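J.:
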Amino acid sequence: MVAADKHPMETSRLALLQNLEILDTDAEAVFDDLTELASTLCDAPIALVSLVDGNRQWIKSRFGLDISEVSRENAFCAHAILNKGIFIVENADEDSRFSDNPLVVGAPLIKFYAGAVLRSDHNLPIGTLCVIDHEPRQFTARQQRALEIIARQVESQIEMRRKNIKLEKLNQVKKNIMSLVAHDLKGSFTSVLGFSRIMAKKLDTMDTARDLHSMGQHLISSANDVYKLLDEMLQWTEMQMGQSEPLLKRFDLAEEVSSCANLFTEIARVKNIDIQISVPKATFVYADPSITKTVLRNFLSNAVKYSPKSSRVEIGLDQNDAGPDLHLWVRDYGAGMPEVLKQTLFKSAQVSQPGTENEQGHGIGLSLCAAIAEQQDSNLWVDDTIIHGCKMCLSIPLQDNHTFSSQRA
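Using our numbering, you'd call the opening residue of the sequence shown number 42 and step up by one each time.
1. Name the residue from Q198, L61, L260 whose alpha carbon lies nearest to the alpha carbon of V93.
2. Go to E307, then tell me how far its alpha helix (DSSP H) extends in each direction, as first and last residue.
3. Which whole runs of the alpha helix (DSSP H) in the segment 92 to 126 are 4 residues long or more, in chain order?
4. Please name the residue, chosen from P330, S331, A295, that lies closest to I318 on a Cα-to-Cα basis.
5. Could you say if the segment 175 to 183 and the segment 204 to 215 meet the contact criterion of at least three C-beta pairs nearer than 8 Å?
6. What is the DSSP secondary structure of P166, reduced to helix, strand or coil?
7. In three-state DSSP terms, what is F72?
8. My guess is that A41 and V371 are in contact by the Cβ rule of under 8 Å, so how many angstroms apart are they, rounded?
9. Using a threshold of 7 Å, state whether the C-beta atoms of E297 and K350 are closer than that.
10. Secondary structure at G404, three-state DSSP: helix, strand or coil?
11. Expressed to the nearest angstrom, what Euclidean distance is found between the alpha-carbon atoms of C118 and S348?
12. What did DSSP end up calling I63 once you bin it into helix, strand or coil?
13. What do you reckon, are the CB atoms on E131 and A157 nearer than 7 Å?
14. Quick check on G357 - is its C-beta less than 7 Å from some C-beta in chain C?
15. Which stretch, first to last residue, makes up the beta strand (DSSP E) that contains V452?
16. Here's the rule I'm using: 16 or more other beta-carbon atoms within 10 Å means buried, otherwise exposed. How should P287 be labelled?
17. Taking C-alpha atoms, which residue in S331, R291, S342 lies nearest to A1?
18. Tell whether a beta-carbon distance below 7 Å holds between V172 and A85.
19. Give the secondary structure of L78 by DSSP, where H, G and I count as helix, E and B as strand, and everything else as coil.
20. For G156, name the three-state secondary structure that DSSP assigns.
21. Measuring only the C-alpha atoms, how far is D359 from I63?
22. Can you check which of these residues, A192, L106, L275, is closest to I122 by C-alpha distance?
23. Quick check on C410: does DSSP put it in helix, strand or coil?
24. Compare the beta carbon distance of L407 and F387 with 7 Å and say whether it is the shorter of the two.
25. Report yes or no: do the segment 74 to 84 and the segment 92 to 106 share at least 3 C-beta pairs separated by less than 8 Å?
26. Only counting the same chain, and skipping five residues up and downstream in sequence, which positions put a Cβ closer than 6 Å to that of M42?
27. Check whether the Cβ atoms of D366 and L439 sit closer than 7 Å, and answer yes or no.
28. What residue ranges within the segment 319 to 378 form continuous alpha helix (DSSP H) runs of no fewer than 4 residues, ordered along the chain?
29. Quick check on S137: buried or exposed, where buried means 16 or more other Cβ atoms within 10 Å of its Cβ?
30. Do the CB positions of V71 and Q198 come within less than 7 Å of each other?
31. I356 and A414 look like a contact to me (Cβ under 8 Å); what is the Cβ gap, rounded to whole Å?
32. Is Q194 helix, strand or coil by DSSP?
Following this line, the structure appears as structure tokens:
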């Protein structure tokens, strides 16, 4: 037996197959109808829609055979995807590549095989529509044409399935946006309007310019929250709908951290919270500055929001010895995060809870932050080793495995 070679673009092919989100899914009538049609028109007892994964041939649809997958080493379809046209084996017993194959000498006793390649993006092969017989035979030109036509219909259904999945995700995007508008954005405008009304009432009674300045600073801070939230929502929505791509570039992370921290100086001062930064200067990373700042702003917003008065919030950076990235983290010393919340924190939209001083939510939420971070191959997680407070972490890709210096910001 001769195992098939890997495809010349195997890595890209496997990535494409994973992105189709079809592996290990339930049977679907539209594919089952096509395999039955192939069996009938090609006068073959078995017909399959097979997808060739890294180590297996997984069967999406089957007619006349009750198995879900076979080893790629034994798979006829692994040979078929290396061909441009239909791959035909008229008599497996007389073919040195397959004569001692377990699928030939044992069940399902394959003697005849014909497979039309299924292709997707960039014409990469993902599997086959194949027909199988227990007896050696020839495959007529009419049968070959029928198999090709049905294979194109299978490809169309796979693409339609992918579009339907994308549409479902976009619908979920809309639901998430409405949830944000209904809660966080509404709360932000309420804060702005509240400060505006207070200023209008107290303007004539304010004794000093300092009182006016203080109230104005609160108003500016609330308005800034609204602007940031709108900007984040638009950015995230555009990425989810495929209207924009992350702008990956080399930038100094220390400068962006300092910039983000400055946005929370006034809010932290009201609660007497000390924001401490321990990030080396000239720490260059390769990512999207906007995405990185969006996540960091949300980390900081939550940290200040859930910190008690007269405490501190820390921003730090760790080198990841196991990979080419850095771990940026924000830690507070509040009550910490309930274990049950950690399980769904990045998976679904959460309704913001009031802060330690009854502050309302002002951010797109960590589940949406996680979706944004994926655009630059970043991950979010909660450090479970922290006993007091909460420590949120973000991985950020490095450029050229740059090791940050020891000089402190």
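No residue lacks a Cβ here, since even glycine has one placed at the ideal position from N, Cα and C.
It should be emphasised that the depicted structure is a prediction, and the values quoted were computed from it without experimental measurement.
T.: So, to answer that:
1. The option with the nearest alpha carbon to V93 is L61.
2. Boundaries of the alpha helix (DSSP H) harbouring E307: 306 to 311, taken from the DSSP string.
3. Taking only runs of at least 4 residues, the alpha helix (DSSP H) segments lying wholly in the segment 92 to 126 are 117 to 121.
4. Comparing Cα positions, the closest option is A295.
5. Touching, no.
6. Residue state, collapsed to three classes: strand.
7. If DSSP states are grouped into helix, strand and coil, F72 belongs with the helices.
8. Look at the range of the chain in this structure, 42 to 450, and you will see that residue 41 is not part of it.
9. No, Cβ-Cβ distance for E297 and K350 is not below 7 Å.
10. In this predicted model, G404 has a pLDDT of only 46, less than 50, meaning its place in the structure is not dependable; the value taken from the coordinates is given anyway. Residue state, collapsed to three classes: coil.
11. Each residue's alpha carbon lies about 59 Å from the other.
12. Correct three-state label for I63: coil.
13. Their beta carbons are not under 7 Å apart, which means E131 does not touch A157 by this criterion.
14. In the displayed structure, chain C is absent; only one protein chain is listed.
15. Past the boundaries of the shown model lies residue 452; the chain is included only from 42 to 450, so the question cannot be answered.
16. Counting Cβ neighbours within 10 Å, P287 comes out buried, since at least 16 surround it.
17. Shown here, the chain extends from 42 to 450; a query on residue 1 therefore has no answer.
18. A contact, by the Cβ cut-off of 7 Å.
19. Looking at L78 - three-state DSSP - the assignment turns out to be helix.
20. The answer is strand: DSSP assigns G156 an E or B state.
21. Cα to Cα, the separation comes out at about 37 Å.
22. Residue nearest to I122 within the set A192, L106, L275 is A192 (criterion: CA-CA distance).
23. Looking at C410 - three-state DSSP - the assignment turns out to be helix.
24. Cβ distance < 7 Å, so L407 and F387 count as in contact.
25. Contact holds: three or more Cβ-Cβ distances are below 8 Å.
26. Within the same chain, M42 has close Cβ partners D141, N142.
27. The answer is yes: Cβ separation under 7 Å.
28. Counting whole runs of 4 or more residues, the segment 319 to 378 contains the alpha helix (DSSP H) stretches 330 to 346.
29. S137 should be labelled exposed.
30. Contact: yes.
31. So it is not a contact: roughly 17 Å between Cβ atoms.
32. In this structure, Q194 counts as helix in the three-state DSSP scheme.
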